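Heads up, the thing below is written out as structure tokens.
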Amino acid sequence: MFIIFYGPEGSGKSTQAKLLAEKLNLPYLGSGDLVRHYAEADKGIMGNICRESLSKGYYVADSEMFVLWKQRLKEPDVQSGFIIDGFPRNHTQALFLADKLDKYGHDVDYVFYLVVSEVESIKRLLARGRVNPDGSLNDSPEKIKERLKMYNDQEADVLKFYEKEGFLCKINGEQTIAKIFEDICSRVGIK
């Protein structure tokens, strides 16, 4: 199975993606984890780009994300399925991912869109207080609002794309973790 978790930061998509990955025994591919890995392990240009993005609290540009994901999607552990969290963030990235999957003869099975209010997202993000590798705070209220605005500006196009393809499953992300997971498992047809 090839499953994408979509939603604003703080929607709980990482939590749910990890739970489902464990339940289905599929690799969990977190976009943020991928960026943090390159920031820590890569001493070259990509590592510098990722470190700068993390220190400033901004997203990595599409062109660089494509390089990171192209490399990751070639790995043998993801050829029979995976669960992605945090990618794609925009329509261009959705097209890129569809193209890469198509080249390997795969298609997306589900896109779980966790719906939460902006107020709830901000509350959750401030509560977790994420810190960058250099010790600086990643989630200041200003940075959070900027990233949520960027997300909101691009959300409609991504949702339309996956809805048109028939993959989109909207889930109320303001329920308990257990209830959200129950709803997701029900959609996938597992208990």
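Sequential numbering from 0 applies to the sequence shown in numbering that gives the first Met the number 0. Don't be surprised by glycine CBs; every beta carbon is placed ideally from N, CA and C. Just so it is clear, the structure is predicted and the values come from calculations on it, not from any experiment.
So which of Phe-1, Val-59, Phe-166 has the shortest CA-CA distance to Arg-146?
Val-59
Cβ atoms of Leu-113 and Lys-17: under 8 Å apart, would you say?
no
If you follow the beta strand (DSSP E) that Ile-176 is in, where does it begin and where does it stop?
Ile-176 -> not in any beta strand (DSSP E); alpha helix (DSSP H) instead, spanning 176–187.
What is the DSSP secondary structure of Asp-84, counted as helix, strand or coil?
Looking at Asp-84 - three-state DSSP - the assignment turns out to be strand.
Hey, could you find the ends of the beta strand (DSSP E) Gly-31 is sitting in?
Run containing Gly-31: none in the beta strand (DSSP E); it sits in the alpha helix (DSSP H), 30–40.
Quick check: Asp-108 and Met-0, are their CB atoms within less than 8 Å of each other?
Taking 8 Å as the Cβ cut-off, Asp-108 and Met-0 qualify as a contacting pair.
I'd like to confirm the pairing. Which residues does DSSP put opposite Tyr-109 in its beta bridges?
Ile-2
Going by beta carbon distance, what residues of the same chain come within less than 7 Å of Gln-78, once the five residues before and after it are set aside?
Hits under 7 Å: Tyr-103.
Beta-carbon contacts of Asp-84 that lie in its chain and below 6 Å, excluding the five residues immediately before and after
Phe-4, Lys-12, Ser-13, Ala-16, Gly-29
Any idea if Gly-43 is buried or exposed, counting beta-carbon neighbours within 10 angstroms, 16 or more meaning buried?
exposed
Inter-residue Cα distance where the pair is Gln-153 and His-90:
Taking the straight line joining both Cα atoms gives about 7 Å.
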